[in-house]
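Heads up: the sequence lines are chains A and B, in that order.
With this note's numbering, you'll find the first sequence wraps up at 354, consecutive numbering, no jumps.
With this note's numbering, you'll find the second sequence wraps up at 966, consecutive numbering, no jumps.
Backbone N, C-alpha and C fix where the C-beta goes; we use that ideal spot for every residue, glycine too.
Only a predicted model underlies this, so the values are computations on that prediction, with no experimental measurement involved.
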Amino acid sequence: MIEVRELRREFKIATSKGLRRNYKTVTAVDGVTFDVAAGEAVGYVGPNGAGKSTTIKMLTGILVPTSGDIRVSGVDPSKQRRDLAKRIGVVFGQRSQLWWDLPLKDSFDLLKSIYRVSSQDYRTRLDECVELLGLEETLLTPVRQLSLGQRMRGEITAALLHAPELLVLDEPTIGLDLESKERLREFLKDINTRRGTTLLLTTHDLDDIERLCPRLMVIDHGRVLADGPLDELRAEVTPDRELVIDLREPGPAPDVPGVTAVRSEANGLRHHLTFRRAETTAAQLITQVVRQVEVHDLAVVEPEIDDVIRKLYQRQVAQDAHR
Amino acid sequence: MLAGMTTNVVFGLLRVAVLAAALKAANGEIAEYDIAATNTYVWIGQGLLGFVLLWGNNELAERVRSGDVVVDLYRPWHLQGALLAEDVGRGGYAFLVRLAPPAVFGMLLFPFQFPAHAYQWPLFLMSAVIALVSSFGIRFLVEISSFWLIDNRGLYGFWNVTSGLLCGLTVPIAFFPEWAREVLWLTPFPAMLQAPIDVFLGHGNVVKLLLYQLFWAAAILAVGHFVLQRAVRKVVVQGG
């Protein structure tokens, strides 16, 4: 669905000092290569200024690459922008493609004409989105009077009316409350699994990734730092898992080989133990622990995805320092 | 809408007063314009002003500035064509609420010079529509200049100040000294306002006027097309 080879994009940034104006060249995307197969759901994450939005703009043909090749749905985006636009849907969390003063329904009708969707397809697709996203009551409300959550649901519907093969979402859940986020994720998950629509989304909300994207791409300073399933990245970067046990009576942490007690809380009622995921399984460990102490409750904690990404950045910085 | 209509009529009254005074000082006629032709020029001109929309709202430029133009650019349409279609649609509405009211006001209350031949009416309408297309084309160029300028308010303001004089809104182009008249008719500006008024009044050769207008409408749209293409190829879309 997407093929990207050695993609680069430079910008000239004006730096004014007094009356003199100098330009310096900044590389926003620096040799990015990746593929996305049809039907995948990929999370594209990285800190602000990492090059995410620049990549998205090049994938949608709005920005011309400085060098490198892109194929999206078999098409060169910047050369066949209009062709591509019919095959993909784009949602920018911080911008709106709806007509501000028109009711939601009128915006959809306009898009139907712009994308030349047949009346029958339009009806079924719109009905489906309206039902799944709960938009019935807002269809006749002018867009400017919608809440952000309602508007985002409208934006997603707008991007899906022409049944795109690929849906690109640039921070779709930004600013939404938990319930709206959850509803949106559920819907996206549904169209990805049921309809097979390929998803590529950038986000700062890592729950989005956890819920939606089996595959994660981490980018920083214009380069891909990591690419793979979330679980693998987690295992690779943070080899330790954590076991939290609550004891019946306060006491010392159980002593099991291969396990480190990191800290204890509540006067020895709760202990945090870490263990190598490669060496011990949680099941083995639990068996050994309950043999030693009387356990009231226990939980295995996976490292937060934020930690994973932070470690990836650190690893890259360390590698760069070595060079 | 009502406010626009009222402003239009009030300015029409002012312009009629000023031009009538000038005519009186010049013994009743200046370059083909007697009192009836002058009234007609003013009221048709006031109506056309809102119809061709000489001064736009600079909305596209703002969208370029904020980066919202990405949304317009990733749609499967030709941006200039789509906006032109929107503007022609606006023209249909403006015909009813901006062109007709001041024109009818002038016809009813002032000495008025109606077209001598019936065919001038449809030709006037045609000429007005071509004027709208040219006016759109120039507005479009002014707006997309913001791809390079980031802030195009200087150019936008300059256009708003000079266009009245150049297009024949302030005084008829015929009032200019000969050299200025000749130069102006080589530019696209009279095509946006003076030309349809001339068609209505029967000043000059109708066929020549329409061909002149068509040439410029096509040329301006072509320039807009190429400039937009260049903008999209070359220029940065603002904001993350």
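> Do the stretch 62 to 82 of chain A and the stretch 235 to 251 of chain A meet, that is, are 3 or more Cβ pairs less than 8 Å apart?
Replying inline: yes
> Using Cβ-Cβ distances below 7 Å, what residues of the stretch 796 to 810 of chain B are close to chain A?
Replying inline: 796, 797, 799, 800, 801, 802 and 803
>> Applying the 10 Å Cβ sphere with the 16-neighbour rule, what's the burial state of residue 320 of chain A?
In response: buried
> What does DSSP give as the partner residues of residue 198 of chain A in its beta bridges?
Replying inline: A:120 and A:230
> For the ligand GDP, is there a heavy atom less than 7 Å away from the beta-carbon of residue 345 of chain A?
Replying inline: With respect to small molecules bound, the structure shown includes none, and the ligand GDP cannot be examined in it.
> Rounded C-beta distance between residue 313 of chain A and residue 272 of chain A? I'm assuming under 8 Å.
Replying inline: 7 Å
> Which same chain residues, not among the five before or five after residue 275 of chain A, have their C-beta less than 7 Å away from its C-beta?
Replying inline: 301, 303, 329, 330 and 332
> Are the C-beta of residue 959 of chain B and some C-beta of chain A separated by less than 8 Å?
Replying inline: yes
>> With a threshold of 8 Å between beta carbons, is residue 813 of chain B in contact with chain A?
In response: no
> The alpha helix (DSSP H) spanning residue 306 of chain A covers which residue range?
Replying inline: Unbroken run through residue 306 of chain A is the beta strand (DSSP E), 301 to 307; no alpha helix (DSSP H).
> Mind pulling the alpha helix (DSSP H) runs of 4 or more residues that sit fully within the stretch 38 to 84 of chain A?
Replying inline: none
> Would you call the CB atoms of residue 198 of chain A and residue 185 of chain A closer than 8 Å?
Replying inline: no
> How should residue 291 of chain A be labelled, buried or exposed, when 16 other C-beta atoms within 10 angstroms of its C-beta is the threshold for buried?
Replying inline: exposed
> With a Cβ-Cβ cutoff of 8 Å, do residue 243 of chain A and residue 261 of chain A count as a contact?
Replying inline: no
>> So within the stretch 166 to 228 of chain A, which uninterrupted alpha helix (DSSP H) runs reach at least 4 residues, ignoring any that extend past its ends?
In response: 179 to 191 and 209 to 221
> Looking at the structure shown, is residue 780 of chain B part of a helix, part of a strand, or coil, going by DSSP?
Replying inline: coil
>> Rounding to the nearest angstrom, what Cα-Cα distance links residue 345 of chain A and residue 307 of chain A in this structure?
In response: 20 Å
> What is the DSSP secondary structure of residue 766 of chain B, counted as helix, strand or coil?
Replying inline: helix
> For a contact meaning CB atoms closer than 7 Å, what does residue 760 of chain B contact in chain A?
Replying inline: In chain order: nothing, as chain A lies at least about 46 Å away.
> In the structure shown, what three-state DSSP assignment does residue 324 of chain A receive?
Replying inline: coil
>> Spatial neighbours of residue 106 of chain A within its chain, please: C-beta separation below 6 Å, excluding the five flanking residues on both sides.
In response: 114 and 115
>> Tell me the rounded alpha-carbon separation between residue 53 of chain A and residue 42 of chain A.
In response: 13 Å
>> Assuming residue 889 of chain B is part of the alpha helix (DSSP H), what are its boundary residues?
In response: 879 to 893
> In three-state DSSP terms, what is residue 727 of chain B?
Replying inline: coil
> When DSSP builds the beta bridges, which residues end up paired with residue 823 of chain B?
Replying inline: According to DSSP, which records beta bridges pairwise, residue 823 of chain B is partnered with nothing at all.
>> Between residue 65 of chain A and chain B, is any beta-carbon pair separated by less than 8 Å?
In response: no
>> Can you pull out the residues from the stretch 120 to 150 of chain A whose beta carbon lies closer than 9 Å to at least one beta carbon of chain B?
In response: 121, 123, 125, 126, 127, 128, 142, 145, 146 and 147
> Along chain B, in chain order, which residues have C-beta atoms closer than 7 Å to that of residue 95 of chain A?
Replying inline: 959
>> Out of B:796, B:808 and B:821, which one is the CA nearest neighbour of residue 957 of chain B?
In response: B:796
> Alpha carbon to alpha carbon, how far is residue 675 of chain B from residue 876 of chain B?
Replying inline: Here chain B has residues from 727 to 966 only, and residue 675 of chain B is not among them.
>> Let me see if you follow: with CB-CB separation under 8 Å, is residue 794 of chain B close to chain A or not?
In response: yes
> Going straight from the alpha carbon of residue 325 of chain A to that of residue 311 of chain A, what length do you get?
Replying inline: 21 Å
>> Rounded to whole angstroms, what is the Cα-Cα separation between residue 966 of chain B and residue 160 of chain A?
In response: Any reading at residue 966 of chain B is ruled out, since the residue's pLDDT is 46, under 50, leaving its predicted position unreliable.
>> Less than 8 Å between the C-beta atoms of residue 816 of chain B and residue 773 of chain B, yes or no?
In response: no
>> Under 8 Å, Cβ to Cβ, is there at least one residue of chain B near residue 92 of chain A?
In response: yes
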